[in-house]
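Working notes, beginning with the structure itself.
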Amino acid sequence: MLTRLAFNLPRNAVPSVRRAISFQSILHGSREAKEAGEHEMQQHSRLIGRGKYLHGIEIHRVKPNNVKEYKKAAEHYYTGLRDDPELQIKLSGNFEALVGEQDTFYHILEYENHSGLDNAWSKIPGSKHEKAHDALRPLLSSQATQLAQEFAFMPTSPPRNKGGIFELRAYQLTPGTLLEWEATWRKGIEARRKFVQPVGAWFSQVGRLHQVYHLWQYQSLQMRKEMREKAWQVDGWADTVHKTAQLARTMDSLILTPLPFSPLK
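Going by our numbering, 135 is the number at position 130 of the sequence shown; the sequence numbering is gapless.
Pasting the structure below:
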């Protein structure tokens, strides 16, 4: 991983480690290796992240018989977070999967960076928000949360109401390839922007790591098909797809519909 990072970063961005490697270091990891790993993660965020906000991506898998009840409970919980001025939490988008894993809901929250998240989390225990979340839990079969940063070249869209559908594309990258992924996408994204503006893009920092999300909006599946076909006619787009496909271990394309209280519609 350090070799790949050294290839992508200036020489002065990676510390030189010349200490002999002991058997104990191989088993448990040397202090220098641990520090280098932390340094690498910091470099990733500084080089490619916007750094202004922290986003929570919450995924709820709902028991099939509880979907209607869940939608009401989720609206009560998330609008309660949004409307509490002490928490300073913004909702970016709230969606239900139409194509992909069924009975699954995606909620994207925006915090005023890490300190804002610390502030919100310190106020939720024992509050009405905790009770509202407790009402959700029996309706779920599982849930997962990630903390993610925006890519600097694709900041999250403000609230809007354009109608249609959303596509959430999820990529599990090979560890150590995030910088190369960002550089390739940053160059190639203009081919897509000619026909459709991205809604947002994030890379995970806590939770499942080495994961990237892109969110797009289309009036219909037919329009999605047409916009993607047009992008393939633009010089450079095929090369972007070819390069990024080699960096990803898995890829998912999910078609989502916004919930009534979602700021993005």
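Where a beta carbon is used, it is the ideal one built from N, C-alpha and C, also for glycine.
Between residue 161 and residue 205, the gap from beta carbon to beta carbon is short of 7 Å. Apart from the 5 residues on each side of it in sequence, residue 97 sits with its Cβ closer than 6 Å to the Cβ of 113, 115 and 161 in its chain, given in chain order. Beta-bridge partners assigned by DSSP to residue 104: 260. For residue 213, the CB contacts under 7 Å within the same chain, skipping 5 residues up- and downstream, are 151 in chain order.
Taking all protein chains shown into account, residue 178 has 16 or more neighbouring C-beta atoms within 10 Å of its C-beta and is therefore buried. DSSP, reduced to helix, strand and coil, places residue 91 outside both helices and strands of the structure shown, so it counts as coil. In this chain, residue 213 is not harboured by any alpha helix (DSSP H), its DSSP state being neither H nor E. In the three-state reduction of the DSSP assignment, residue 63 falls in the strand class, which pools E and B.
The Cβ atoms of residue 175 and residue 108 lie no closer than 7 Å to each other. In the DSSP assignment, residue 147 falls within the unbroken beta strand (DSSP E) covering 145–155.
Looking at 170, 209 and 234, the one whose alpha-carbon comes closest to that of residue 149 is 209. Taking C-alpha positions only, residue 100 is separated from residue 163 by approximately 16 Å. In this structure, residue 232 keeps its C-beta atom at 7 Å or more from the C-beta atom of residue 203. Going by beta carbons, residue 145 and residue 74 fall outside the 7 Å limit. Only residues of its own chain outside the window of five on either side were considered, and among them 158 have a CB closer than 7 Å to the CB of residue 191, listed in chain order. Three or more Cβ pairs closer than 8 Å define a contact, and the segment 64–78 falls short of that threshold against the segment 121–131.
Excluding its 5 nearest sequence neighbours in each direction, residue 229 has C-beta neighbours in its own chain below 7 Å: 172 and 223, listed in chain order. Between residue 147 and residue 254, the C-beta gap is not smaller than 7 Å, which leaves the two residues out of contact.
Pairing residue 182 with residue 219, the inter-Cα distance amounts to about 17 Å. Contact between residue 241 and residue 196 holds, since their C-beta atoms are separated by about 6 Å, short of 8 Å. In terms of Cα proximity to residue 155, the closest of 105, 106, 56 and 259 is 56. Taking each of 170, 111, 102 and 133 in turn and checking the Cα distance to residue 89, the smallest one comes out for 133. For the options 58, 268, 216 and 248, the alpha carbon positioned closest to that of residue 118 is the one of 58. In this structure, DSSP gives residue 126 a helical state, which the three-state scheme calls helix.
Taken through DSSP and simplified to helix, strand or coil, residue 255 comes out as strand. Counting the other Cβ atoms within 10 Å of the Cβ of residue 250 gives fewer than 16, which makes it exposed. Between the beta-carbon of residue 103 and that of residue 94 there is about 26 Å, and that puts the pair past the 8 Å contact cut.
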